[in-house]
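In this note's numbering, the protein residues as written are 515 to 666.
Only one structure is covered here, and it is reproduced in the block below.
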Amino acid sequence: MKRLLIIYHSQTGRTARMAQACQRGAVLEVNVETRLVCAKEAVLEDLQSADALLFGTPENLGYMSGALKDFFDRTYRQAQGKLRPLPYAIFISCETDGTGAVRNIERICRGYGFRAVAEPIIARKEVVTAEDELRCEELGQTLAAGLDLGIF
């Protein structure tokens, strides 16, 4: 069975809602196991057991959250030479632009050798809307379906 790993950080609950929506969409694909893991608890072994990744974070001061950056810092060197080029996508909650966080996550993911397979979802409001949640559900299902069909 293929595995989709959703790694996220949330301070206010907005990004957690987006992560849960991604998971709701992903579990519709019954041949893919989906795990939702807080960035503070995620470890290298989580990456090693995954077949695809979703990263979620609020944008703080034009950057990803400190917790997601800490995850990358804790696993980057250990991961060198130990991971396949995993497919990934990003979801961001923010009140302004969101592109700074996307740009920096993409740069780090290139260093891991990961490859982006979907456009980032950026929820640019004080609250996550039903439309944002639907887009996240579709993102989760898209990654899971791609894994199941062998596209990714």
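Beta carbons are placed, not taken as given, at the ideal position from N, Cα and C, and that holds for glycine.
Would residue i and residue j be called neighbours here (beta carbons separated by less than 9 angstroms)?
i      : j      : result
PRO601 : LEU567 : yes
CYS552 : PHE605 : no
MET532 : TYR522 : yes
LEU550 : ILE520 : yes
THR573 : GLY627 : Reading the sequence as shown, one finds Glu at residue 573 and not Thr. No. Outside cutoff.
SER607 : THR548 : no
LEU653 : ALA632 : yes
ASN618 : TYR590 : no
PHE569 : CYS650 : no
Under three-state DSSP, which class holds residue i?
i      : result
VAL616 : helix
ILE606 : strand
LEU542 : coil
LEU657 : helix
ARG629 : strand
ILE636 : strand
THR571 : strand
ILE665 : coil
ALA566 : strand
GLN594 : coil
THR526 : coil
THR643 : coil
ASP560 : helix
ASP611 : coil
Where DSSP assigns a beta bridge to residue i, which residues make up the other side?
i      : result
ASP516 : At residue 516 the sequence reads Lys, which differs from the Asp that was named. VAL546, per the DSSP bridge assignment.
VAL551 : ILE521
PRO601 : ARG629
TYR577 : ASN574
Buried or exposed, going by whether 16 or more other CB atoms sit within 10 Å of the CB of residue i?
i      : result
VAL546 : buried
THR656 : buried
ASP646 : buried
SER579 : buried
LEU561 : buried
VAL642 : buried
LYS639 : exposed
SER563 : exposed
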